[in-house]
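Remarks on the structure that follows.
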Amino acid sequence: MSRAQVDTSLFEHHAEVCKIFSHPKRLRIIEALRDEELTVGQVVGRLSLPKANVSQHLGILRQKRVVMTRREGLNIYYRIANPKIIQACDLMRQVLVEQLEEGERLVKRLKAR
C-alpha cells in the first residue's frame, strides 16, 4: 500500500470517527460519562432523554469503541474507553468558545462605529 493510500484510508477513518461526535445527544452522553461510569438509567436520569434514545446512542458509541462496558449483576455500566476522547472534546469546545468570543468582539466593534 502506498503512502497516499495509507493517508487516504486514515483520513476516511478519521472522518468516520468524527461523525460519531456530530450528534449533540452523543456529546451530552460523553460529557455525562466524563468522570464516572454510569448505567443507561443513570444517563437517562441525568440528561432527561428517553431511555430508548440513550440506549441507541450508547450502542453506537460502544460499536465505535468510544465507550466500554462492564456488567455488575443486572447492571451494565458504561465508561469512556480512552481519556483522550475527553481531551479531544475539551479541545474542540475551547476552539468553539474562542470563535464565539471573537464573533462577539467583532459585533461590539461594528456596533461601536
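All you need for this note's numbering is the position in the sequence shown, starting with 1, plus 8.
Where a beta carbon is used, it is the ideal one built from N, C-alpha and C, also for glycine.
Quantities reported herein were computed from a predicted structural model and do not represent experimental measurements.
{"Query": "What residue range is occupied by the uninterrupted beta strand (DSSP E) comprising N83?", "Result": "N83 to I88"}
{"Query": "Could you tell me whether the segment 88-104 touches the segment 32-45, using the rule of 3 or more Cβ pairs below 8 Å?", "Result": "yes"}
{"Query": "In angstroms with no decimal places, state the Cα-to-Cα distance between L55 and F19.", "Result": "33 Å"}
{"Query": "Grab the span of the beta strand (DSSP E) containing E80 for me, first residue to last.", "Result": "V75 to E80"}
{"Query": "To which residues does DSSP link L46 through a beta bridge?", "Result": "Y86"}
{"Query": "Does the count of Cβ pairs from the segment 59-74 and the segment 98-108 closer than 8 Å reach three?", "Result": "no"}
{"Query": "If we count the other Cβ atoms within 10 Å of its Cβ and call it buried at 16 or more, is R73 buried or exposed?", "Result": "exposed"}
{"Query": "Would you report the Cα separation of R113 and E80, rounded to the nearest angstrom?", "Result": "51 Å"}
{"Query": "Which same chain residues, not among the five before or five after V62, have their C-beta less than 6 Å away from its C-beta?", "Result": "V48, V51 and V52"}
{"Query": "For the candidate residues A23, Q107 and P58, whose alpha-carbon lies nearest to that of I37?", "Result": "P58"}
{"Query": "Which residue marks the beginning of the alpha helix (DSSP H) containing K59, and which one marks its end?", "Result": "K59 to Q71"}
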